Amino acid sequence: MVYGIVLGSLLALFSTQVLASDALRLAEKKGCLGCHHVERSEVGPAWKEVAKKYSTHENAAHQLAGSILYGSMGNWGDRPMRGHAKKMNKDEALVLAEFIMGL
Ligand code: HEC
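So this is what it looks like as structure tokens:
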């Protein structure tokens, strides 16, 4: 029983880590990392800051997926982010948004 619980949580830990690295790979493939860094702001805001800013918003991941797909402007400064709907589908945008909100 105890072993089952320990094994279960190890597996859960393992799968979230795999998901995070998958998401990061996706971000790299889609060119996000040319403007974003997890920890520091570059052209765009640091993704950890994004997670903090929207931590109290309901449906933050869906809202951010919208920004990723259709663009965002005025939330962080003068530079707008163009939408990426031509490069990815909604599911991919949601994977990235959920990854960011989980940081
Ligand atoms: C050409 C540079 C550039 C690229 C490429 C880019 N971003 Fe951004 N991103 C920005 C800028 C600039 C902002 C700030 C926009 C604003 O002030 O609303 C931003 C904002 C964001 C936000 C916050 C949006 C909000 O509603 O506050 C998220 C989330 C985000 N980017 C994710 C991504 C993801 C995921 C990718 C890859 C698919 C990506 N970005 C690619 C420049 C970029």
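Everything in the sequence shown is counted per our numbering, starting at 4 for the first residue and increasing by one.
Even for Gly, the Cβ is constructed at its ideal location relative to N, Cα and C.
Just so we're clear, the structure is a prediction, and the values are computed from it rather than from any experiment.
- Using a 10 angstroms sphere on the CB of Ile8, the tally of other CB atoms stays under 16, which defines it as exposed.
- The Cβ-Cβ distance between Met76 and Gly47 does not fall below 9 Å.
- Counting the other CB atoms within 10 Å of its CB gives Tyr57 a total of 16 or more, which places it among the buried residues.
- Take Arg82, set aside five residues on each side of it, and the residues of its chain with a beta-carbon closer than 7 Å to its own are Val46, in chain order.
- Per the C-alpha coordinates, the member of Glu42, Glu61 and Lys89 positioned closest to Gly74 is Lys89.
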